[in-house]
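First the structure, in the form of structure tokens, and then the observations on it.
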Amino acid sequence: MKIMNSIRTFALSTVMAVPLLAAPVASQTVKQDTFEYSIPASGTSDKNKLVGAPSADIIIAGVKHKAAIVVDLSKNVLYKYDSDGNPQTAYLVASGKKSTPTHTGVRIVTHTETYPYKTAPAKSKRRRAPRDYGPKIICLNKVDVKTGEQSPTGEFIHGNNNPNSIGKYASHGCIRMDNEVIKQLSQQVKRGDIVIIK
């Protein structure tokens with residue numbers, strides 16, 4: 394009888410110990426899942442955070458180019474590159490929500506606009522609701538990588554009036570950034586710069 398009780402006690406203590414061993418693994422998973430949020434909306438040049446930056450190389454109409462910006466939608470991170478294709482800074486951004494996703498592909502910077510966007514077409518949303526776009530807009534055209542032909546998209550990289558949306562899939566398809574960051578970035582880019590959204 395004593396032997397049977399000892400076996401039952403041992404079996405119960407072994408079963409009860411299993412969940413305690415599994416707990417640390419779950420907490421490590423949570424930490425790993427939030428890695429991308431260690432990149433702030435204000436940006437970072439930490440080389441450890443730039444290691445995973447996508448390649449800036451792209452071939453358009455048979456000619457090799459270096460993108461100035463690459464947006465990684467899987468992490469909602471925008472990477473800014475130097476002219477040699479080396480990542481300089483990473484920024485946490487917002488991109489399109491499920492019902493209005495940000496489309497992947499190659500874009501080209503056409504121009505920048507400044508709040509209150511009086512140079513935008515009269516019936517455009519950025520003329521009707523300029524506050525939604527923050528202080529600056531980087532306007533983009535779509536590029537056909539086979540031919541190099543451009544077409545308007547209505548897509549922008551812009552500031553926002555909802556800082557809580559940064560790091561989320563929250564926009565109508567545009568890339569939203571911190572308002573102070575978009576002021577800087579709009580001065581760094583120029584007409585003809587390549588933007589890759591992947």
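Going from the sequence shown to our numbering is simple: count from 1 and add 393.
The beta carbon of each residue, even a glycine, is placed where N, CA and C say it ideally should be.
Note that this is a predicted model, so its numbers are computed, not measured.
Check, Outcome
"Helix, strand or coil for Tyr484? Go by DSSP, reduced to three states.", "strand"
"Within 10 Å of its beta-carbon, does Asp586 have 16 or more other beta-carbons around it, so buried, or fewer, so exposed?", "buried"
"Name the DSSP bridge partner or partners of Ser492?", "Note: Ser492 sits in no beta bridge, so no partner."
"Could you check whether Val582 and Ile453 sit closer than 9 Å to each other, using their CB atoms as the reference points?", "no"
"Leaving out the 5 sequence neighbours to the left and right, which residues in its chain are closer than 7 Å to Lys424 when beta-carbon positions are compared?", "Because the pLDDT of Lys424 is 36, which lies under 50, any placement of that residue in the model is unreliable, and the question is left without a value."
"Alpha carbon to alpha carbon, how far is Ser431 from Tyr562? Give it in angstroms, no decimals.", "17 Å"
"Going by DSSP, what residue range makes up the alpha helix (DSSP H) through Val574?", "572-581"
"Buried or exposed: Pro480, going by 16 or more other Cβ atoms within 10 Å of its Cβ?", "buried"
"What did DSSP end up calling Ile590 once you bin it into helix, strand or coil?", "strand"
"May I ask you to verify whether the region 495-508 touches the region 534-551, counting CB pairs closer than 8 Å and requiring at least 3?", "yes"
"Could you check what DSSP says for Lys539 in three-state terms: helix, strand or coil?", "coil"
"Alpha carbon to alpha carbon, how far is Ala461 from Ile451?", "11 Å"
"Could you check if Gly541 is buried or exposed, using at least 16 other CB atoms within 10 Å of its CB as the buried criterion?", "exposed"
"Buried or exposed: Gly489, going by 16 or more other Cβ atoms within 10 Å of its Cβ?", "buried"
"Give, in chain order, every unbroken run of the alpha helix (DSSP H) that is at least 4 residues long and sits entirely within the region 499-569.", "518-521"
"Can you grab the Cα-Cα spacing for the pair Ile589 / Leu443, in whole Å?", "16 Å"
"List the residues that DSSP assigns as beta-bridge partners of Leu387.", "Since the first and last residues shown for the chain are 394 and 591, residue 387 lies out of range."
"Using the Cβ count rule (16 or more neighbours within 10 Å means buried), how would you classify Ala415?", "A caution first: Ala415 carries a pLDDT of 38, below 50, which makes its placement in the model unreliable, though a value can still be read off. Classification for Ala415: exposed."
"With burial defined as no fewer than 16 other Cβ atoms inside 10 Å of the residue's Cβ, what is the status of Asp426: buried or exposed?", "A caution first: Asp426 carries a pLDDT of 34, below 50, which makes its placement in the model too unreliable to give a value."
"If we count the other Cβ atoms within 10 Å of its Cβ and call it buried at 16 or more, is Arg584 buried or exposed?", "exposed"
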